[in-house]
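Worksheet: one structure, shown below.
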Amino acid sequence: MELTTTPTLPSPFVLEENVVVKLKKKRATSFTKWEMKDLLYVSAVLLMHVLCLFAPFTFNWNAFWLGVVHYILCGLFGVTLCYHRGLSHGSFKLPKYLEYLFAYFGMLALQGDPIFWVSTHRYHHKFTDTEADPHSPVEGFWFSHMGWIFDDNYLVQKGENYVNVGDLVRQRYYRFLETTVVIHVYLHAALLYMLGGFPFVVWGKGVSTVWGYHVTFSVNSVCHIWGHQAWNTGDLSKNNWFVALFTFGEGWHNNHHAFEFSARHGLEWWQLDTTWYVIKLLEHFGLATNVKVPSKIHKHKKSLKNRMDDMKPQTDVKMQKMISVDCSEAKAYLST
Ligand SMILES: [Zn+2]
Ligand SMILES: [Zn+2]
């Protein structure tokens, strides 16, 4: 019998059968052109990392706890709760004053203003792990982790023109944040310096921001490579409990790609999802309304088991064909 081999993909890219992944030249080292915006982002991100080098020499408990509070306010309330589940996916509603306050915290995480963040993220969901995805690991781990941020041309090419965020662009507040983001970041750093000197800047700005960067970026990189697929999403998204621990529940990323509208990402009782607990608390106090979660029907449609069942009749037909071939061969043998 002649054996044929099919080209094998690196293990992280082994997919559902219906997904075609084209491995391309890694973008991380092949930027087309450095724009002014790219240099500004690189400088800001580098500066935050340099600040972290001073962390051991400026440690004191007040500065440390200030860093933790910033990680929670900017990371949980700002990025995961407001930017992601609220603004990007509309999975619940908040009173405007609270939405705007949380969006302000999100902006201080230095991951871009709400219009930029939400637009990029909506493109990610629309074109997950295809040519048009702004940050898929198909273009390399480091590119999906943070390289894509430093290539403005690439983002423009991927459709970064804000046509998918009309709901935010229409609001004066978000347009104001978009044009003044740098001023707010400087004011925040100045306030920290006034309150606690250089240690507060190092821990409140540097350490908390860099920590926030890498845990958030891990959702784009790690959670599209390593982990478990619980649902038939047709992309590379994975559930990764380790990332979920540090990202306030965002690591249940395959759940999220399966049910983008859901305010809850940790769908099992044991899937820790801190952002969801906070949303439930806000709902309890009447502050979060119209909170969306997947119904049984939603889950049934995305279930991998059902997909297997759908495939079963085809498998049976294949088996029958094989059996009939075997029989005809046997008959031919007996007749000789
Ligand atoms: Zn999302
Ligand atoms: Zn994703």
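Counted from 1, the sequence shown has number 326 at position 326 by UniProt numbering; the numbering is strictly sequential.
The beta-carbon is built from N, C-alpha and C at its ideal position, and this holds for glycine as well.
Please read these numbers as outputs of a predicted model, since none were measured by experiment.
- Our two residues, H84 and H121, have alpha carbons roughly 8 Å apart in a direct line.
- Distances from the CB of H124 to the heavy atoms of ligand 2 include at least one below 7 Å.
- Per DSSP, D38 is one residue of the alpha helix (DSSP H) stretching across M36 to L53.
- Exclusion of the five residues before and after P199 leaves T58, N60 and A63 as the residues of its chain whose Cβ lies within less than 7 Å of its Cβ.
- Look at the beta carbons and you see the region 253-263 touching the region 222-232: at least three pairs across the two are nearer than 8 Å.
- Assignment of T289 by DSSP, reduced to helix, strand and coil, places it in the strand class.
- With 16 or more other CB atoms across the displayed protein chains lying within 10 angstroms of its CB, Y213 is buried.
- When C-alpha distances from F77 are compared across R170, F217, L53 and Y104, the shortest belongs to Y104.
- In this structure, the C-beta of S237 approaches ligand 2 to less than 7 Å from one of its heavy atoms.
- Rounded to whole angstroms, the separation of the alpha carbons of E131 and S88 is 21 Å.
- Secondary structure within the region 199-249: the alpha helix (DSSP H) runs of 4 or more consecutive residues, fully enclosed, are 208-220 and 241-246 (chain order).
- Within a 10 Å sphere around the beta-carbon of H284 sit fewer than 16 other beta-carbons, which makes this residue exposed.
- Sequence-distant Cβ neighbours of A44 in its own chain, meaning closer than 7 Å and more than five residues away, are L110.
- Checking the 7 Å criterion, the Cβ of T289 is out of range of every heavy atom belonging to ligand 2.
- The straight-line gap separating the alpha-carbon atoms of S262 and E35 is approximately 37 Å.
- When distances are taken from the beta-carbon of H89 to the heavy atoms of ligand 1, the shortest one is below 7 Å.
- Beta bridge pairing from DSSP links S303 with W231.
- In the structure shown, K33 falls within a coil segment according to DSSP collapsed to helix, strand and coil.
- For T209 and M48, the gap between their C-alpha atoms comes out near 7 Å.
- The three-state reading of DSSP puts W117 in helix, counting H, G and I together.
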